[in-house]
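Everything below concerns the one structure shown next.
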Amino acid sequence: MITLNTCRIITLGMAIAAAGTSLVNAAPLGLPAVPIPADNPQSDAKIALGDRLYHEERFSADGKVSCATCHAEEKAFTDHRAVSKGHNGLLGTRNAPTVINAAYMETQFWDGREPDLEGQSKQPPINPVEGGLPDHVAFVNIFRNDASYVKTFKQVFGVDKKEITIDHFAKAIASFERTIIAGDSPFDHYQFGGDKSAMSEAAVRGLAVYVGQGRCVSCHIIEQNQALFTDNRFHNIGVGFKNIQGRVGEIAKDFLKAKNKGVDVDVTVLSDPDASELGRFAVSEDINKIGAFKTPSLRNIELTPPYMHDGSQKTLADMVNFYNNGGRVNPDDPLSPFLSGGIRPLNLSDQQKKDLVAFLKALTSPSIAAKVTSTKIID
Amino acid sequence: MNRKNHFNRREFLKRGSALIAAGWLPLSLVEVAFGKTQAESFTFAYISDSHLTHIKGNNFVRNWDRGLTRAIAEANLLTPRPDFILYGGDIAQLGTPEEIDHGLDLLGALRGDVHYVMGEHDYYLDLGEHWRKRIGPDHYSFDHKGVHFVVLNSILTHDDWIHKKWDSPMHRMKEMARLDNPQGSPFLVGDPQREWLRKDLEKISKDTPLVVVSHSPLQKIYKGWNFWTDDAEQIQAMLKPFDKVTVLYGHVHQIQYNQIDNISFHSVMATAWPWPYPSTFAQEASYMPKLTVEINRADPFFERDGTGWQFINMHTGDVDVHDALPDNRNRVVAFDEKKGHPVDARYQAEANRIPPMKHF
């Protein structure tokens, strides 16, 4: 098993080194190979173009917002805000998920409304509260008139100026994002690397809580020889319920009516705080999925506060308390009737909660931590 | 004769919409499908087997409370509203007034009229006294948009068992609550109620679609677990003269469906917990209907997996049963006109099935 893992590290490590991105040293101990779609193979030139586009501020109406604005490397590829801020200071409804290891996700966005990184990357530039550009035609035209980009698109995709489409942008950005992967945490060395001294005693106890009384592992999955810390499913864990309590029926009905008339789900869920709380339901229209959101990975969680889809939990201790209370901030708060059957009061002791937080802090990748300048939440 | 009863089977076929159910109907589709045919087709919701369990004071077992609460919240989202809701029995676990009152408190949040069915867990403590006081008669019939509905109390049993020398009424309740209990007794509709049924059906023309609702199955499946009603054949014989009959039942906490002559049988899910299929445990003959496609194994981490409730679409005198199954895949079992029996919309073909739990 160790041999196998070593092989994987070398192969992937070399690929990353060759790509020349900022994550040259990321050794994905604890992670599987990055899935690469057949119609978008990786190449050095494409990744470099994606890197450049990722930081391109012309992706926005005010020329100030790039992908990196809300997914900044020095903030562990998030923005440390409860909800993201788009062009001209406009606020969305959801917390920016980290790009780290997003390549492994089976769906993108908190509600999984896009199947892959390519699809995901097309939405923010034209969302009215993010990039704010009118449409993809206007977006592409900005870059068709930039000789430097035209030349690069030709080199990477073999397309002439007029043949450049939004899909070329999407493919390049997705290729770049597939290099932003990180394992190699103290937990990985402890669990998969055979180094039983890699985690503190508190973290080792925390792992026992994580797989036992804390019930964390059932959704944030650890496998035999790898750990993505997600089940790629959607669960209602009670977050945000208070905001729509007593109004769910009306909100769901109004949303479906609007959706049938053709409103864009991406636009509605990021600009209407009520519709945002419908979660996966907005995509699947399945009433079992009201308020259900995708299980995020927990890797590098110490570096990505605040937490939950609405950024409502500021610290890891807050988050652990939320789960310990069975999906609510205070033990007396009302419970969402739509709460997942996996969520229930945990009766953890203060020591167990502290240990659990220590374990979560052992999921930090040194390659990511080295670039993070602050984890302070920006109000 | 009630004016409503004049809507016969032929009129139903002519007036009804031929809605084909391919999957769980999203709310938006329900609206479209019923927009033009509201007078002929209708929908109702069906919630059953909550088994609310009193601990002490105001404390009830959380898991079962959550199941019923979730089903109610989801049923309240159906748009347009179902015409009514059926509650299929076993509100309570041990039949206490606390449990029944608590259940009715929770069910008070349901938007719409509820018709209740008596379950054995509601009955064997006080022989249904508190239930009847709070809810009303335990067998009755009503007509709705051309369909005749009959609700039976199918969980009665022999008088000599009921009036044995029990240590206490709770002793009797607990004996009836057990599976594989040699001290138990099989369920019965019984002579007086069958006589009532005979008279009730006399008034109904044979081409009126009939829906018979009971707690235990009015077919014999597995005696050891009382998936069984001892006088089922006698009831079936009374239903045989009708063109189109559907029997709906709770009690079994799993998806079952069957066709016996003119009668389509559908079970409904429990909001509390799933039972395994008796064929996986058979200590005596099991007659699981051949048509039934079993549910896949539930993940015990997700307390709601393997539980659910139903949204039922009634058209041309037949039902499509839409099972809302949290943390699992929703299912649709719909009557197939060509085959003449209910089929699972997705899993009927052998190759499409998810292997069920075969051992435990």
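Going line by line, the protein sequences match chains W and A.
For the first sequence, our numbering assigns the number 1 to the initial residue and increments by one for each residue that follows.
For the second sequence, our numbering assigns the number 1001 to the initial residue and increments by one for each residue that follows.
From the three backbone atoms N, C-alpha and C, an ideal C-beta is built for every residue, glycine too.
Item	Value
Closest residue to M1173(A) among I1155(A), K1338(A), E1233(A) (Cα-Cα distance)	I1155(A)
Pairwise C-alpha distance: N260(W) and L1029(A)	Reliability of the predicted coordinates at L1029(A) is poor, the pLDDT of 42 falling under 50, and the value obtained from them is presented with this limitation in mind. For L1029(A) and N260(W), the distance between alpha carbons rounds to 10 Å.
For M1314(A), three-class secondary structure by DSSP	strand
Where P1241(A) falls, given that 16 or more other Cβ within 10 Å makes a residue buried	exposed
Sequence-distant residues of its chain with Cβ nearer than 7 Å to P296(W) (five each side left out)	P97, T230
Positions along the segment 267-290 of chain W whose CB lies within less than 7 Å of some CB in chain A	E285, D286, I287, N288
Closer than 7 Å at the beta carbon, the chain W residues around N1058(A)	By Cβ distance, chain W contributes nothing, its closest Cβ being about 14 Å from N1058(A), past 7 Å.
Residue environment, N1226(A), which counts as buried when at least 16 other CB atoms sit within 10 Å	buried
Reduced DSSP category for Q1234(A) - H, G, I as helix; E, B as strand; rest coil	helix
9 Å Cβ cutoff, R1066(A) in contact with chain W	yes
Neighbour list for L31(W) in chain A, Cβ cutoff strictly below 8 Å	Going along chain A, no residue has its Cβ under 8 Å from L31(W), so there is no contact; the nearest lies around 24 Å.
P305(W) and R1070(A) closer than 9 Å at C-beta	no
Chain-ordered neighbours of L1197(A) on chain W, where CB pairs are closer than 7 Å	Correct list: empty, because the minimum Cβ distance to chain W is about 36 Å.
Residue burial classification, D1167(A) (beta-carbon count within 10 angstroms, cutoff 16)	exposed
Closest Cα partner of F1311(A) within the set D1305(A), D1320(A), R1304(A)	D1320(A)
Extent of the continuous alpha helix (DSSP H) to which R1331(A) belongs	No alpha helix (DSSP H) holds R1331(A); the beta strand (DSSP E) holding it covers 1331-1336.
Delimiting residues of the beta strand (DSSP E) encompassing L49(W)	Counting along the chain, L49(W) falls outside any beta strand (DSSP E), though it belongs to the alpha helix (DSSP H) covering 44-54.
Where the beta strand (DSSP E) through L1210(A) begins and ends	1210-1214
V1114(A) versus D1049(A) - alpha carbon distance	15 Å
Neighbourhood of A1349(A) by C-beta distance below 7 Å, restricted to the same chain and skipping five residues each side	none
Beta-carbon proximity of L339(W) to I244(W), cut-off 9 Å	no
Rounded C-alpha distance that separates A370(W) from E56(W)	24 Å
Beta-carbon contacts of H1266(A) that lie in its chain and below 6 Å, excluding the five residues immediately before and after	L1248, Y1257, V1321
Cα-Cα separation between K1199(A) and Q1093(A), rounded to whole angstroms	33 Å
Near-chain W residues of the segment 1318-1334 of chain A - C-beta to any C-beta below 9 Å	A1324, L1325, P1326, D1327, N1328, N1330
Three-state class that DSSP yields for G206(W) in the structure shown	helix
Chain A contact for A15(W) (CB, 9 Å cutoff)	For A15(W), the pLDDT reaches just 41, beneath the cut-off of 50, and the residue's location in the model is therefore unreliable, leaving the point undetermined.
Near-chain A residues of the segment 330-341 of chain W - C-beta to any C-beta below 9 Å	L335, S336, P337, F338, L339, S340, G341
Residue interval of the beta strand (DSSP E) (run including V1147(A))	1147-1151
Nearest neighbour of A147(W), chosen from L133(W), I164(W), D135(W) [CA to CA]	I164(W)
Proximity test, Cβ basis, 9 Å: L1232(A) and chain W	The sequence shown places Ala at residue 1232(A), rather than the Leu named in the question. Taking Cβ atoms only, chain W never reaches closer than 9 Å to A1232(A), which makes this a no.
is_contact[H1341(A), chain W] using C-beta, thresh 9 Å	no
9 Å Cβ cutoff, V248(W) in contact with chain A	yes
Close Cβ partners of Y1116(A) (< 6 Å) along its chain, the five nearest in sequence each way excluded	Y1087, I1135
Neighbourhood of S218(W) by C-beta distance below 7 Å, restricted to the same chain and skipping five residues each side	G342
Exposed unless 16 or more other CB atoms sit within 10 angstroms - verdict on I301(W)	buried
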